[in-house]
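J.:
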Amino acid sequence: SPVYMVDVAIEENGLRNSGGGPVTLTVDPALPCGLVLDPQSGTITGTPTETADLRAHTVTATNEAGSSTCTLRICVKPKINTFRGIKTSEFFPPGLQFLERWTAAYSEPYSHGTTQAQLASVPAHARYVFVGAVSPDGNIALAAMGERDEVLRVTDSVEKAHEHNGVHWYFKPGWAFGFSPTEEICLCNADTNDTSRELRLSWHLTGQGGWRAGNAKDLNKSEEWRKLVYWAD
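Each residue of the sequence shown is one higher than the one before, starting from 68 at the first, in the working numbering.
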């Protein structure tokens with residue numbers, strides 16, 4: 068069942084004709100506002116303009132040999148805020164407004180010992196994962212996001228991170244989780260590489276709290292800084 072977002076153009080998709088000559092297609096009830104079914108090709112295109120609960124739509128194909136039907140189930144959700152690359156406090160509105168339509172998976176002070184299981188608890192159906200640090204003033208200080216399976220991909224290297232959505236990610240169980248603006252990292256246990264240090268986030272996965280949020284380091288016992296993991300469909 069496809070899930071679309073308001074004001075985001077859908078990828079062109081449609082129905083296949085299994086044979087029998089040209090057909091005419093109709094759909095009932097009508098598709099969500101902004102989506103159109105081409106009556107000849109069966110292609111669905113458009114940009115949803117309103118939210119819509121998951122609903123069944125019956126498509127009827129008719130030609131000289133008769134007719135047949137199939138069912139499409141479509142849902143349109145509110146648009147979520149997304150971005151590419153690593154962003155700092157200047158990009159985000161005050162507080163956690165940016166995450167209004169996201170769901171919290173993990174929100175703990177930096178003193179909390181993050182575990183592999185807590186990160187992997189993001190549901191499998193999630194499309195996006197947001198990872199960030201909140202400074203003592205309550206605002207997002209540093210964050211990045213990407214597709215769930217890329218952000219949470221388990222990695223082996225202590226020196227190299229993998230690139231996705233303009234960010235280099237690493238998730239090495241028993242060592243650390245985080246992101247970097249460059250491929251080069253230095254896990255000892257968390258990332259101690261200081262190249263473009265203001266854009267590096269690293270959390271221990273050793274049972275300790277910490278470790279860094281940009282230029283702020285040695286946060287193992289900090290109750291003022293917070294770690295965030297949010298997800299969205």
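Ideal Cβ placement from N, Cα and C applies to all residues, glycine included.
Everything numeric in this text was worked out from a predicted model, so none of it was measured.
Identify, in the order they occur along the chain, each residue of the same chain with its Cβ nearer than 6 Å to the Cβ of leucine 266, setting aside the five sequence neighbours on each side.
T.: The answer, listed in chain order, is Ile153 and Pro248.
J.: Using DSSP's beta-bridge definition, name the partner residues of proline 176.
T.: Answer is Arg293, bridged to proline 176.
J.: Relative to the C-alpha of lysine 227, which residue among Glu251, Asp216 and Ile207 is closest?
T.: Comparing Cα positions, the closest option is Glu251.
J.: Taking 7 Å as the threshold (C-beta atoms), are phenylalanine 238 and threonine 259 in contact?
T.: Cβ distance not < 7 Å, so threonine 259 and phenylalanine 238 don't count as in contact.
J.: Could you say which of Asp74, Val90 and Cys142 lies nearest to aspartate 303 if we only look at CA atoms?
T.: With the chain running from 68 to 300 in the structure shown, residue 303 is simply not present.
J.: So what does DSSP say about glutamate 167, is it helix, strand or coil?
T.: The answer is coil: DSSP assigns glutamate 167 none of H, G, I, E or B.
J.: Helix or strand or just coil, what does DSSP make of serine 156?
T.: In the structure shown, serine 156 sits in a helix (DSSP, three-state: H, G or I).
J.: For the stretch 105 to 154, list the alpha helix (DSSP H) runs that are entirely contained and at least 4 residues long, ordered along the chain.
T.: With a minimum length of 4 residues, no continuous alpha helix (DSSP H) run stays inside the stretch 105 to 154.
J.: Return the bridge partner residues of tryptophan 298 from the DSSP annotation.
T.: The partner list for tryptophan 298 (beta bridge, DSSP) reads Thr170 and Val196.
J.: Kindly indicate which residue of Ser178, Ala191, Thr170 and Asp204 has the alpha-carbon position closest to the one of valine 198.
T.: If we check each option's Cα against that of valine 198, Thr170 comes out closest.
J.: In its own chain, which residues sit with a C-beta less than 7 Å from the C-beta of threonine 262, not counting the 5 before and 5 after it?
T.: Thr249 and Glu251.
J.: Report the option in Gly133, Ser188, Pro89 and Leu98 whose CA atom is closest to the CA atom of proline 69.
T.: Measuring from the Cα of proline 69, the nearest candidate turns out to be Leu98.
J.: Check each candidate in Glu217, Lys144 and Thr91 and name the one with the smallest Cα separation from isoleucine 77.
T.: Ranking Glu217, Lys144 and Thr91 by Cα distance to isoleucine 77 puts Lys144 first.
J.: At 3 residues or longer, what runs of the beta strand (DSSP E) sit wholly inside the stretch 253 to 285?
T.: Segments of the beta strand (DSSP E) lying fully in the stretch 253 to 285: 268 to 271 and 278 to 280.
J.: Grab me the residues of phenylalanine 165's own chain with a C-beta within less than 7 Å of its C-beta, minus the 5 sequence neighbours each way, in chain order.
T.: Counting only Cβ-Cβ distances below 7 Å, and skipping sequence neighbours, we find Asn148, Phe159 and Ile207.
J.: With DSSP as the reference, label glutamate 230 as helix, strand or coil.
T.: In the structure shown, glutamate 230 sits in a strand (DSSP, three-state: E or B).
J.: Could you check whether threonine 125 and threonine 118 sit closer than 7 Å to each other, using their CB atoms as the reference points?
T.: No. Outside cutoff.
J.: When DSSP builds the beta bridges, which residues end up paired with valine 94?
T.: Valine 94 is bridged to Val126.
J.: Quick one: Cα of aspartate 120 to Cα of cysteine 100, how far?
T.: The straight-line gap from Cα to Cα measures roughly 12 Å.
J.: Here's the rule: buried if 16 or more other CB atoms are within 10 angstroms of the residue's CB, otherwise exposed. What is proline 115?
T.: With 16 or more Cβ atoms within 10 Å of its Cβ, proline 115 is classed as buried.
J.: Can you check which of these residues, Arg220, Thr182 and Asp204, is closest to glycine 277 by C-alpha distance?
T.: Per the Cα distances, Thr182.
J.: Can you tell me whether leucine 219 is helix, strand or coil according to DSSP?
T.: In the structure shown, leucine 219 sits in coil (DSSP, three-state: anything other than H, G, I, E or B).
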